[in-house]
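Numbers in my numbering are just positions in the sequence shown, counted from 1, shifted up by 692. Positions of the beta carbon are idealized from the N, C-alpha and C atoms, including for glycine. None of these values were measured; they are calculated from a predicted model.
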Amino acid sequence: TPAKYKVVTEKVLVREPGEKIVVIPAKYGWKTEKVLVREAGEKIVPVPPKYKTVTEKILVKPASEKIVTVPPVYKTVTEKILVKPAMTTWKKGRGLRERVDGATGEIMCLVETPPVYKTITKKVLVKPATTKTVPVPPVYKTVTKRVIDKPATTKRIPIPAVYKTVKVRTIIQPAQTKKIPIPAVYKTVTKRVKVADPVLKWKEVKCRTIVH
């Protein structure tokens, strides 16, 4: 006797409950921000010298001495010099003293001629020429010139940083993960269930006759 079965329907667990991780992508947006283009620094700038105009006396020739000739000193004097001394001579005419010229018979008188003088003017040396030492003062010249009032220098000039405004894509909400529970999965199956085991029992049966 074969085993006995019956058909039953039941729920069978196909997949156990669990969870899955879902990645939620980041959300992006646009914003405006200042970006550094060049860092701050400094530059060295030469400062030219400053000049001023000054007037000063410069020595052209130092003090010295010189020997000067002092000319002689003269004076002008006037004097009478005898040109012709006094003398007596016989002349025609009558005088205190007279005589008869024997040759001519003329009456001659003795006349006194006074001396003749001449007035002359001449220079007379009073003081002979001499020499003397005379101090010579120094010789100066006034000049105007440009002089350095402040020498050349350098100065440091700060250079500010350079920024530019750009539009950048930025994260509004960062990416995140989310755990989603997954329920167990069942399915309904139909199966045969043995109700009774097969048994062996004796049973009377008709036999067939075999003819030879």
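**Study point:** Distance between beta carbons of LYS753 and LYS810, contact taken as under 8 Å
**Key:** Contact flag wrong, Cβ pair sits at about 55 Å.
Review point. Less than 9 Å separating the beta-carbons of VAL803 and THR780?
Key: yes
Check your understanding: For TRP782, which beta-bridge partners are listed by DSSP?
Key -> LEU802
**Study point:** Residue closest to PRO820, alpha-carbon to alpha-carbon, out of LYS767, VAL704 and THR880
**Key:** LYS767
Exercise for review: Can you grab the Cα-Cα spacing for the pair ARG848 / ARG730, in whole Å?
Suggested key: 18 Å
Practice item. Look at TYR725 and VAL860 and say whether their C-beta atoms are less than 9 Å apart. Key: In the sequence under discussion, the amino acid at residue 725 is Glu, which differs from the Tyr named in the question. Yes. Within cutoff.
Exercise for review: Taking only the alpha-carbon atoms, compute the straight-line gap between GLN868 and PRO709 and give it to the nearest angstrom.
Suggested key: 23 Å
**Study point:** Contact under 9 Å by Cβ, ALA853 with PRO741
**Key:** no
Check your understanding: Taking PRO806 as the reference, which of ILE716, GLN865, ASP841 and LEU774 has the closest Cα?
Key -> LEU774
Exercise for review: Taking 9 Å as the cut-off, decide whether the C-beta atoms of LYS776 and VAL808 are in contact.
Suggested key: yes
Review point. DSSP three-state call for GLU731: helix, strand or coil?
Key: coil
Review point. If you follow the beta strand (DSSP E) that GLU896 is part of, which residue opens it and which one closes it?
Key: Run containing GLU896: none; DSSP gives neither H nor E here.
**Study point:** Rounded Cβ spacing between VAL769 and VAL816 (contact assumed at less than 8 Å)
**Key:** 5 Å
Practice item. Starting from GLU708, trace the beta strand (DSSP E) both ways and give me its first and last residue. Key: That residue, GLU708, is in no beta strand (DSSP E); it is neither H nor E in DSSP.
Exercise for review: Between the Cα of GLU711 and those of VAL818, ILE872 and ARG884, spot the shortest distance and give me the residue it belongs to.
Suggested key: Selected option, being the one with the closest Cα: ILE872.
Practice item. Give a yes or no on contact between the stretch 821 to 831 and the stretch 733 to 750, applying the rule of three or more CB pairs nearer than 8 Å. Key: Cβ pair count under 8 Å is below three, so no.
Check your understanding: Ordered along the chain, which non-local residues of its own chain (more than five positions away) have a Cβ less than 8 Å from that of TYR720?
Key -> ARG861, THR862, ILE863 and ILE864
**Study point:** Three-state secondary structure (DSSP) of ALA888
**Key:** strand
Check your understanding: Does DSSP put PRO850 in a helix, in a strand, or in coil?
Key -> Looking at PRO850 - three-state DSSP - the assignment turns out to be strand.
Review point. Between ALA778 and the rest of its own chain, which residues show a CB-CB distance below 6 Å, the 5 nearest in sequence each way excluded?
Key: PRO806 and PRO807
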